[in-house]
Structure formats: structure tokens, C-alpha cells
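Colleague:
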Amino acid sequence: MKITIVTIFPQLINSFTNNRIFQRALENNIIDLNIVNLRDFSNNKHKSVDDYGFGGGVGMVLKPESFFDFFKKSGAKNIIFPSPQGVKLNNEIAKELSSKNELTFICGHYEGIDERVVEKYVDLEVSIGDYVVSGGELPTMVILDSIIRFIPQFIKKESAEIESFEAGKLDFGVYTRPETIDNLKVPSVLTSGNHSMINQYRKRDSLLRTLIKRPDLISKLPKEDKQFIKNIVKDIL
Ligand code: ADE
197 MKITIVTIFP QLINSFTNNR IFQRALENNI IDLNIVNLRD FSNNKHKSVD DYGFGGGVGM
257 VLKPESFFDF FKKSGAKNII FPSPQGVKLN NEIAKELSSK NELTFICGHY EGIDERVVEK
317 YVDLEVSIGD YVVSGGELPT MVILDSIIRF IPQFIKKESA EIESFEAGKL DFGVYTRPET
377 IDNLKVPSVL TSGNHSMINQ YRKRDSLLRT LIKRPDLISK LPKEDKQFIK NIVKDIL
């Protein structure tokens with residue numbers, strides 16, 4: 197997948213991509229990352245890319261020319277604009293976007309990007325939640341991270357599939373050594389070596405955690421899971 201990120205802070209993106217899994221994906225050509233400094237497309241000698249907003253009352257706005265120039269020259273496709281006004285990111289959206297062979301993110305700053313860029317070029321506005329962060333780079337990284345998990349070969353398929361939400365329920369709890377710390381013990385079933393009991397325990401733990409932490413997800417679970425929860429509750433009462 198070709199990924200292009202258009203930003204005025206290219207160094208912010210490096211902090212995200214400087215890890216082993218991402219680097220391996222780059223080396224193996226699973227992803228091709230292209231970080232574009234918007235200033236390189238500025239049409240003035242100071243390389244400025246922002247200006248005062250028309251109409252007053254707003255701060256600086258990213259000017260349209262550099263974006264237009266970049267889009268015309270690059271022919272970039274599938275333009276995503278991270279914005280609090282977009283569709284709220286979820287696993288389905290991430291999975292759908294992971295099937296594209298090219299994605300382009302444009303990062304806003306200050307008061308935003310000139311609306312004509314959005315009108316003419318943006319295919320999808322995506323929000324990472326009902327709050328505002330100060331630039332598009334962090335949301336881009338969040339959206340991208342959620343997408344690349346679904347690219348075959350990027351991470352082990354099973355690990356993407358057993359993660360929270362993929363099956364509509366939360367993850368089971370995980371533990372590592374030591375078996376005891378401050379009198380807190382790892383559930384004994386996990387050290388028993390009995391895989392069918394471990395699977396049963398994990399299914400129960402996952403459903404119980406969903407019931408306690410995200411009861412809003414329960415109604416969408418398959419019948420079998422709902423029945424399992426009923427049985428757990430019956431046992432507890
Ligand atoms: N840019 C600023 N806030 C954002 C949000 N909540 N989601 C996506 N992009 C943003």
C-alpha cells in the first residue's frame with residue numbers, strides 16, 4: 197500500500213514510523229511511505245503555507261495553493277482528511293481502508309485547511325473522537341495504525357483478529373512472569389497447560405470484561421455469546 201502524508205511537520209511522523217514492525221513492513225515493501233512537506237509546494241520565497249482567514253474572527257488557515265499544486269503534480273488518490281467533523285473511526289472503517297492500494301492523508305493545522313481543498317480533493321473526513329487535538333498528525337497516526345493492522349503480512353493475522361472489537365468484544369486479560377507479585381497471582385488455569393480450559397477461561401474473561409466495561413457492545417454480539425453471558429451471570433448469582 198502506498199501511503200502519503202502531507203504535513204507541515206514531517207518530523208512528527210518519523211516518531212511513529214521509527215519502530216521495528218513498521219520498519220520491517222517498509223523493508224519488505226508491504227507499505228511504501230511517502231512523507232511530503234507541504235512547504236515544498238509553497239508558491240512564495242518564504243515557504244509560508246498559511247494566511248489570515250477571510251471574514252475575521254478566525255486565526256491562520258492553511259492556504260489552498262500548495263495543496264492544489266501537490267495534488268495536480270502527484271495525482272495522489274484516496275485523500276483522507278483527519279478532522280473532528282469526519283465520520284468517527286471504528287474497526288469497520290479501518291478494515292475497509294486497508295483494502296486500498298493507496299491512501300493519502302492531509303494534516304490540518306491552526307484554524308484548519310481552506311475549505312476549497314476539502315471540497316475539491318478530499319474523499320473522506322475521519323474523526324478520531326469528539327474532542328479536538330491541535331493538528332492532523334496525531335489523528336493521521338491513529339487512523340493509519342488502525343488501518344495497517346489489517347494489511348495481510350503486516351502483523352500476524354490471528355493477532356489482528358483476536359484483538360478487541362474485531363470479534364465485537366473486548367480482549368481477555370494477559371499476564372507474564374512473575375506468577376505472583378504483591379500477593380497478586382496469575383489465574384492458575386493459565387499455567388495449567390490445559391489448552392481447552394485456557395480457551396474456555398479466555399472466552400469467559402473476554403465476555404465478562406465486555407459486560408463490565410462496555411455493556412453497550414453486548415446487544416450486537418452473536419446469540420451464542422449472549423447465552424454464554426447469561427450462564428456466567430447465572431453461575432455468579
Ligand atoms: N484534528 C483535530 N481534532 C481531530 C479529531 N478529533 N479527529 C481527527 N482529526 C482531528
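All you need for the numbering used here is the position in the sequence shown, starting with 1, plus 196. Ideal Cβ placement from N, Cα and C applies to all residues, glycine included. As the structure is a computational prediction, the values presented were derived from the model and not from experiment.
Consult DSSP for Pro383 and reduce its assignment to one of helix, strand or coil.
Modeller: Here Pro383 sits in coil by DSSP.
Colleague: Pick out whichever of Cys303, Met393 and Asn427 has its Cα sitting closest to the Cα of Val245.
Modeller: It is Cys303 whose Cα lies nearest to the Cα of Val245.
Colleague: Just verifying my parser: in three-state terms, what is the DSSP assignment at Gln423?
Modeller: If DSSP states are grouped into helix, strand and coil, Gln423 belongs with the helices.
Colleague: Please go through the stretch 320 to 376 and give each complete alpha helix (DSSP H) segment of 4 or more residues, from N-terminal end onward.
Modeller: Listed in chain order, the complete alpha helix (DSSP H) runs (minimum 4 residues) inside the stretch 320 to 376 are 333 to 344 and 353 to 358.
Colleague: Tell me the DSSP secondary structure of Val254 in three-state form.
Modeller: Correct three-state label for Val254: coil.
Colleague: In the DSSP assignment, the beta strand (DSSP E) including Gly301 goes from what residue to what residue?
Modeller: Reading the sequence as shown, one finds Phe at residue 301 and not Gly. First-last of the beta strand (DSSP E) with Phe301: Glu298 to Ile302.
Colleague: Considering only their Cβ atoms, is the gap separating Glu333 from Val257 smaller than 7 Å?
Modeller: Going by C-beta atoms, Val257 is not nearer than 7 Å to Glu333.
Colleague: Within 6 Å: the Cβ of Val328 and any heavy atom of the ligand ADE?
Modeller: Yes, the ligand ADE has a heavy atom inside 6 Å of this Cβ.
Colleague: Please confirm whether Leu403 and Ile425 have their CB atoms less than 7 Å apart.
Modeller: Going by C-beta atoms, Leu403 is nearer than 7 Å to Ile425.
Colleague: Any idea if Met337 is buried or exposed, counting beta-carbon neighbours within 10 angstroms, 16 or more meaning buried?
Modeller: That one is buried.
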